[in-house]
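Reading the sequence shown from the start, the letters are residues 8 to 523 in the numbering used here.
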Amino acid sequence: MSNFQGADLNLFILRWMVFLSGAAVMGIEMAASRLLRPFFGDSILIWANIIGLIMIYLTAGYFLGGRWADRDPRPTTFYRILAWAGFAIGVLPFIAKPFLDLAIPALEQFDAGLGFVSFAGTLALFVVPITLLGCVSPFAIRLSTRDVSSSGSTAGNLYSLSTFGSIVGVFGTVFVLLAIFGTRGTYVAFSIALLASAIVGLARESRGRALRYAILLAIVIALALFASSGIIKQSAGLVYETESFYNFIQVIDDGGWRLLTVNEGQAYQSAYRADRVLSGGIWDLFLIAPFFASHEPSTSSGQTPRNVLMIGLAAGTVARAYTEIYPAIPIDGVELDPAIIAVGQNYFAMTQPNLTAIAGDGRAFMRRAGEYAVIAIDAYRQPYIPFHLTTVEFFRETRAHLAPRGVVALNAARAPNDYRLVDALAATMRQVFPSVYLIDHPNNANTLIVATNEPTRLDDFRANVAVLRDPNLQIVAAQALPSARVAEQIEPVFTDDHAPVENLINDIIFRYALGQ
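The following block contains the structure:
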């Protein structure tokens, strides 16, 4: 049989496989970000590489599939393409792990070469399944074309069916497969569907050949059943790990501290120790921010913020410290990922009665927020800060919800000698706020940017903290005073239309890795 003319059942199988291949392509693409996220994060740079390379592989598949179909236009060949694509998808998450594990020392040592090998090697694993799936549509057109006069409609119907499959693949993967089966299970599900469909088609041509390809299906099922799912990413002191819609999350115990890390794990989002108020990290500096606001030093010793909004709650390090220092003040904490909120409650004692944890986007919440004395922003998706939380428009919205003598405090990461991101954020905030200040953390590469709703002076801050009585605040003030300074940057200014945050951070990281 050289085509599907007059074979209604075979034509149905062909159309089903075109639909399924379209779904598999997008399903693999969506799941690829989850496969890479624990090791490389999920920045726009990672997505660009995933999408770009998959498009390259599809292009190769379209080209090869058309030539292959002209040379060997048999249904059996078509089914075999689907079978091998399904098998390659099924084994991909298992053979990818050695490449992914290379990323851990690469990122820890800032080894750009090793990191490239890990990333490129992992993405190269997609070349076989995606290229084979790219062969499906042109091959199907060749098999189902009855005469030249109807070839246009035949091609259009099959490509629309493939695209519809891709639509189903996107939503089905994100909302169903990943939620139920996880990353590895999603690849296995597509693999089994493709292999089973191909075997059904092969059985109509040759039962013996179908049985031979059933071995591939058995291998994938065996891997799924017996290969250890275990720990996704090995980390010393690991207490808990999970995948959410937004992040790969790990809880780690290290020297008495409980730490939260997400995705590639090159920074900590929260730190907790039951017998300590201060963490020793950038989070402590948020406690000193209210003392930039007062003009009257006489009020500072008893100054307590009326309320706090925390954008980037994470597991509640800043919220807990504010609760300890300023008891019972209302705190609204906004965290994009509800799974991180759950981790904070279960592993970081984030159960303070004065804290309201809200799952959602910080900027979206800001539009419906009330008025706050302190707005603290620490919303990193390491190593990036979401661009929409860095712009003039965002800070205007923020100021609209700030009390008359309120303050905004923003954590800005940097390299030891590269302040370009800090400068850009400070310049942007100076477009909105009358007074902006900078404080470098003495022990790590972070700077706290503080802006006040009313004009203030640095001397006021120094006078305010000089009369502090709380021992924890005295410690933080001693850390802050040596580097506290007025921000004088005037450019660049980030806007909603142009905020190249990712490019700037990529360049900072690249230069740091090269020792520049």
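Using N, Cα and C, we set each Cβ at its ideal position, and we do this for glycine too. Given the structure is predicted, the values throughout are model-derived calculations rather than measurements.
- Val-246 sits exposed, since fewer than 16 C-beta atoms from the chains shown fall within 10 Å of its C-beta.
- A contact is defined here as three or more CB-CB pairs under 8 Å, and the segment 167-178 fails this definition with respect to the segment 209-222.
- Within the segment 394-433, the runs of alpha helix (DSSP H) at least 4 residues long that lie entirely inside it are, in chain order, 399-407.
- Counting only the Cα atoms, Ser-160 lies some 23 Å from Val-32.
- Distance from the CA of Ala-162 to the CA of Arg-374, rounded to the nearest whole angstrom, comes to 48 Å.
- Counting other Cβ atoms within 10 Å of its Cβ, Asn-270 reaches 16 or more and is therefore classed as buried.
- Taken atom to atom, the span from the alpha-carbon of Thr-397 to that of Val-483 is near 26 Å.
- Asn-453 is bridged by DSSP to Ala-420.
- Out of Gln-359, Asp-339 and Asn-453, the CA that lies nearest to the CA of Gly-288 is found in Asn-453.
- Secondary structure note for Thr-268: its beta strand (DSSP E) is the uninterrupted segment 264-269.
- His-505 is classed as exposed because its beta carbon has fewer than 16 other beta carbons within 10 Å across all chains shown.
- Secondary structure note for Phe-468: its alpha helix (DSSP H) is the uninterrupted segment 465-473.
- Per DSSP, the continuous alpha helix (DSSP H) segment holding Val-177 begins and ends at 158-179.
- In its chain, beyond the 5 residues on either side, Trp-290, Phe-293, Met-317, Ala-383 and Asp-385 have a beta carbon closer than 7 Å to the beta carbon of Val-325.
- A residue is called buried once 16 or more other Cβ atoms fall within 10 Å of its Cβ, and Ala-186, having fewer, is exposed.
- For the pair Asp-467 and Phe-299, the Cα-to-Cα distance works out to about 7 Å.
- In this structure Phe-101 touches Leu-230 by the C-beta definition: roughly 6 Å separates them, less than 8 Å.
- When the five nearest sequence neighbours on each side are left out, the beta carbons in the same chain lying within less than 7 Å of the beta carbon of Tyr-253 are those of Leu-343 and Asp-344, in order along the chain.
- In terms of Cα proximity to Arg-437, the closest of Val-457, Pro-334 and Ile-516 is Val-457.
- DSSP places Ser-277 in the uninterrupted beta strand (DSSP E) bounded by 277-279.
- Per the C-alpha coordinates, the member of Ile-497, Tyr-387 and Asn-471 positioned closest to Ile-512 is Tyr-387.
- Of Phe-70, Ser-286, Tyr-64 and Asp-260, the smallest CA-CA separation from Phe-146 is found for Phe-70.
- Fully enclosed beta strand (DSSP E) runs of no fewer than 3 residues occupy 315-318, 338-342 and 362-366 of the segment 306-371, in order along the chain.
- Ala-485 carries a helical assignment under DSSP once its states are collapsed to helix, strand and coil.
- Straight-line measurement puts the Cα of Ser-277 at about 20 Å from the Cα of Tyr-333.
- Note on Met-357: 16 or more other CB atoms within 10 angstroms of its CB, so buried under the neighbour-count rule.
- Bounds of any beta strand (DSSP E) do not take in Asp-503, whose DSSP letter is neither H nor E.
- Gly-93 and Ser-204 have their C-alpha atoms roughly 10 Å apart.
- For the set Leu-27, Phe-440, Thr-268 and Asp-282, the Cα lying nearest the Cα of Asn-460 is the one of Phe-440.
- Going by C-alpha positions, Phe-255 is about 20 Å away from Ala-364.
- Exclusion of the five residues before and after Leu-60 leaves Leu-130 as the residues of its chain whose Cβ lies within less than 6 Å of its Cβ.
- The shortest C-alpha to C-alpha distance from Ala-433 to any of Ala-221, Ala-494, Pro-478 and Ile-446 is the one to Ala-494.
- With respect to Arg-22, Leu-140 sits apart: the two C-beta atoms are not nearer than 8 Å.
- Residue Ala-491 holds the alpha-carbon nearest to the alpha-carbon of Val-443 among Ala-410, Glu-404 and Ala-491.
- Rounded to the nearest whole angstrom, the CA to CA distance from Arg-280 to Ser-144 is 57 Å.
- Rounded to whole angstroms, the separation of the alpha carbons of Ile-137 and Arg-153 is 28 Å.
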